[in-house]
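One structure below.
Residue numbers (my numbering): 187 to 616.
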């Protein structure tokens, strides 16, 4: 899911499409009932009413098109989703037919046997061909599709236009210029962080690793090995951790910051620059810097390049235990359709996963453009392994960054230890 401020980060009806999917023995239920009640779990957002309105329109159209069918939608708290989903996988009678889930949860849910393989239906769905490749990757495990992308979220560089104008600064075109510019801001205005960064901000740090040619891990098909200690990755780690200094963002204040903290600092007028998501737009607009900032893609190592960003977001899938396979898959498609995603963008600001729809909304809302450019330049995703949830929840990467920032370990030692922890997790996952 969206691993960012909701982005969380971070966290959608429309057209009844092509022919209905065929019944398949892939479901753990031997039933494919064509009437009855479909249960749907979607995430409860901050300010959920606009989302509910869009979903209600989808449900109304779906029920009208399917006599004898009702759709029961429940909005569940994101924070307690793990317990609810685990219980649903263990007790099919309490499980929904259709469910929203974070895109980094896919591999784990597939390993747990909870999600239905919808590869054939997704391939037959006419709209699927326009799905962003990274978004499609987020529903793919071992070459099979387990859901449909709902929305995507990426990060870019927010900067204070008034500060840049006052100090006569140019927008950074490379990562080296980014660091230099940050220190110029801090020197001229010591009450500000130059570029506010966070030692616990994994997805703010990873563009530095990826832009330098590093990776989180290497492998596929469920078999991964850590690559975070490679020479290229170490170069990126060094570039990021070098920003935790008194002349930019003091370690004593910034080492413990997460993504929400950095965006909050920028919105409050305490930083010249920040790495924030499209999902951060509302918070920044509500802050002290409204009307005094702009956003550009995060610069890469070479001038004119864009640093790869993590493609966060959410998906919608069908549970393997459903007794309404055909209906559930069709509802999944309508909840994630082009029409619905366009409506959900208008309602919630969620970026569409369809390339053509994203271009359309970017034309209407200029603030979307840098994020659309970032997506078009190529994004990255986490390893499609059930081990990722353990690696993420045990804070392997934040611990690595913080060990370097504190001086407890050098980059080689910290990344080597992180790599060992990751490999242990990958090995345990099988």
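No residue lacks a Cβ here, since even glycine has one placed at the ideal position from N, Cα and C.
Keep in mind it's a predicted model, so treat the numbers as computed, not measured.
Every beta strand (DSSP E) stretch that sits fully inside the segment 361–404 and reaches 3 residues is listed by chain position as 379–382.
Annotation for residue 586: 414, 423, 600, 601, 603, 604 place their beta carbon closer than 8 Å to its own, counting only its chain and skipping 5 residues before and after.
In the three-state scheme derived from DSSP, where H, G and I count as helix and E and B as strand, residue 613 is classed as helix. Here DSSP, grouped into helix, strand and coil, assigns residue 459 to strand. Sequence-distant Cβ neighbours of residue 572 in its own chain, meaning closer than 6 Å and more than five residues away, are 293, 294, 297, 615. DSSP, reduced to helix, strand and coil, places residue 443 outside both helices and strands of the structure shown, so it counts as coil.
Runs of alpha helix (DSSP H) with 4 or more residues, each lying fully within the segment 494–526, are found at 511–521, listed in chain order. The beta-bridge partner set that DSSP reports for residue 292 is empty. Under the DSSP assignment, residue 577 falls outside any beta strand (DSSP E), being part of the alpha helix (DSSP H) whose first and last residues are 573–579. The residues 290, 574, in chain order, have a CB closer than 6 Å to that of residue 568 in the same chain once the five nearest residues on each side in sequence are set aside. Distance between residue 496 and residue 258, taken at the CA atoms: about 33 Å. For residue 339, the closest C-alpha among the options 225, 554, 598 is that of 554. Assignment of residue 586 by DSSP, reduced to helix, strand and coil, places it in the helix class. Within a 10 Å sphere around the beta-carbon of residue 504 sit 16 or more other beta-carbons, which makes this residue buried. Looking at the DSSP output, residue 287 sits in a beta bridge with 501. By the neighbour-count criterion, in which a residue is buried when 16 or more other Cβ atoms sit within 10 angstroms of its Cβ, residue 538 is buried. The criterion of a C-beta distance shorter than 9 Å is satisfied by residue 371 and residue 458.
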